[in-house]
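Below: the structure, in structure tokens.
There are 2 protein chains.
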Amino acid sequence: MARDSTRSRVHAAVLLLVMENGYGQLTMEGIASRAGVSKQTLYRTWPSRSAVLFDALLGRSGGEDVEVPDTGDLAADLEALILATVEEMTDPPMNRLLRAVTADIQSDDPLASELSTRLLAPQLDAVTARVARAGITDPEEAVELLYGAVLHRWLLRTRPFTTAWVKAHVARTLRAFDRH
Amino acid sequence: MARDSTRSRVHAAVLLLVMENGYGQLTMEGIASRAGVSKQTLYRTWPSRSAVLFDALLGRSGGEDVEVPDTGDLAADLEALILATVEEMTDPPMNRLLRAVTADIQSDDPLASELSTRLLAPQLDAVTARVARAGITDPEEAVELLYGAVLHRWLLRTRPFTTAWVKAHVARTLRAFDRH
DNA sequence: GCCCGAACTGGACGGACCGTCTCGTTTGGG
DNA sequence: CCCAAACGAGACGGTCCGTCCAGTTCGGGC
Chain A
4 MARDSTRSRV HAAVLLLVME NGYGQLTMEG IASRAGVSKQ TLYRTWPSRS
54 AVLFDALLGR SGGEDVEVPD TGDLAADLEA LILATVEEMT DPPMNRLLRA
104 VTADIQSDDP LASELSTRLL APQLDAVTAR VARAGITDPE EAVELLYGAV
154 LHRWLLRTRP FTTAWVKAHV ARTLRAFDRH
Chain B
4 MARDSTRSRV HAAVLLLVME NGYGQLTMEG IASRAGVSKQ TLYRTWPSRS
54 AVLFDALLGR SGGEDVEVPD TGDLAADLEA LILATVEEMT DPPMNRLLRA
104 VTADIQSDDP LASELSTRLL APQLDAVTAR VARAGITDPE EAVELLYGAV
154 LHRWLLRTRP FTTAWVKAHV ARTLRAFDRH
């Protein structure tokens, strides 16, 4: 439907705009003008700003495969993973982008489920596989506990992230699970 | 500034509207008309729909004290607590209300911190105190783990809540912590 | 009970963005 | 080179924004 050049210009524009001003300020007219594209072209391909943002996100991370470290030391690997995650989440532009998406999926069920299955699930599944490989029982629950606390701290802004906390958190979480 | 009758009519209206249609459909003009109040009156007291919603939330739960069961059996008490939380979170109108607030605090830092300190912190502190009373080390972290997984499951809509899961989750979380 | 200021109503205002439409122009594969 | 698909420019009525004004009601103090 849309030309590749149009699509990529729109993707770049929407990501820039969200990282600059957040999701609240994002408008279709703003995207169109920033991408140098007419509103008509925008609406021809995407029904809403949610759709544009989501499509841009998919296009951005569609190519790269999910990579989870596996050195044999589960705790160290998880620490590295969580540290990388935390660093990405707290980087200001990415923070704005993530919060935009978080806000967005609260009032858009189809968007939430597609984002969940196509972006989140692959990432979580890869971590789950790594945890399962180490012999942890209930690996899904372990991953949920692992990321749950991170999400809690990030979303509710209760306490800041530190390396010491990440290490203690990983150690504690692993203590909750048996190995067969 | 505002008369009590005005304030309470606005509070009732905004809560009803959010529970009916979600936050995305909430407008100042809608609140004004539903509350039988002029826009001028609305803007005289509250600067934005966020402020109205937040004020309504505070007014709704300002009176009641936070209550955490304490039968002596920590696991049972936490199960009851989490089950009650989960039930509230999944009740459709309350679900819409919570998601509205969640979406809202993503793009409004002052609102987020005020909500956190005045609504969230008291609740979490009460649970933390209950956990600490049972001799758990790092009670704050225990509570974070406990609610983190719930938040993860609710926010990312990965898996549904069941009584069995809540029980297993509480048991697992407690296993991660020492008692002195 | 009346008075006066504070609080409120109702409506109008320009402005931003919405989503749709028309019409003329560009693009690129056969 | 040709033609259909894709695009740009811009106008449209509509909703909600936030502010302003002029007239009305409320309620505590003398």
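Those sequence lines, one after another, are chains A and B.
The opening residue of the first sequence carries number 4 in the numbering used here; numbering runs sequentially from there.
The opening residue of the second sequence carries number 4 in the numbering used here; numbering runs sequentially from there.
The beta-carbon is built from N, C-alpha and C at its ideal position, and this holds for glycine as well.
From a predicted model like this one, the values you see are computed outputs, not experimental measurements.
From what residue to what residue does the alpha helix (DSSP H) around residue i run?
i	result
Thr105(A)	95-108
Val173(A)	166-178
His14(B)	7-24
Arg37(B)	31-38
Glu147(B)	142-158
Ala132(A)	124-136
Val55(B)	52-64
Glu117(A)	112-118
Thr44(B)	42-48
Run down chain B in chain order and give the residues with a C-beta less than 9 Å from the C-beta of residue i.
i	result
Gly25(A)	Gln109, Ser110
Ser116(A)	Arg160
Does residue i get closer than 8 Å to chain A when you measure Cβ to Cβ?
i	result
Phe164(B)	no
Tyr46(B)	no
Gly39(B)	no
Ala137(B)	no
Which bits of chain B does residue i rub up against, with CB to CB less than 8 Å?
i	result
Phe57(A)	Result: empty, since nearest Cβ-Cβ is about 15 Å, beyond 8 Å.
Thr176(A)	Leu148, Ala179
Sorted by chain position, which residues of the same chain lie with C-beta nearer than 6 Å to residue i's C-beta, five sequence neighbours on each side aside?
i	result
His14(B)	Ala59, Gly62
Ala137(A)	Leu77
Leu56(A)	Val17
Spatial neighbours of residue i within its chain, please: CB distance less than 7 Å, with the 5 preceding and 5 following residues excluded, ordered by chain position.
i	result
Glu143(A)	Thr131
Thr74(B)	Asp80
Arg99(A)	Val21, Met22, Gly25
Thr93(A)	Phe164
Val40(B)	Thr9, Arg12, Val13
Gly33(A)	Leu20
Mind checking if residue i is an interface residue toward chain B, Cβ cutoff 8 Å exclusive?
i	result
Gly33(A)	no
Arg102(A)	yes
Arg6(A)	no
Leu84(A)	no
Thr105(A)	yes
Arg133(A)	no
Can you pull the chain A residues whose beta carbon is under 9 Å from the beta carbon of residue i, in chain order?
i	result
Thr161(B)	Ser119, Leu123, Ala124, Leu127, Glu143, Glu147
Go through its chain and collect everything with a Cβ distance to residue i's Cβ below 8 Å, but skip five positions before and after it.
i	result
Arg102(A)	Gly25, Tyr26
Asp111(B)	Ser53
Ile139(B)	Leu77, Ala145, Leu177, Phe180, Asp181, Arg182
Note down, in chain order, every chain B residue with its Cβ under 7 Å from the Cβ of residue i.
i	result
Ala155(A)	The question names Ala, but residue 155(A) is His in the sequence shown. What His155(A) touches in chain B: Glu147, Tyr150, Gly151, Leu154.
Thr140(A)	The premise fails here: Thr140(A) is roughly 10 Å from chain B at the closest Cβ pair, so nothing lies under 7 Å.
Quick one: does the C-beta of residue i sit closer than 7 Å to a heavy atom of the ligand ZN?
i	result
Leu86(B)	For the structure depicted, the ligand ZN is absent and the ligand set is empty, with no information on it obtainable.
Exercise. Using 8 Å as the Cβ pair cut-off and three pairs as the minimum, do the segment 144-161 of chain B and the segment 73-93 of chain B touch?
Worked result: yes
Exercise. Taking three-plus beta-carbon pairs below 8 Å as touching, is the segment 43-50 of chain B in contact with the segment 105-122 of chain B?
Worked result: no
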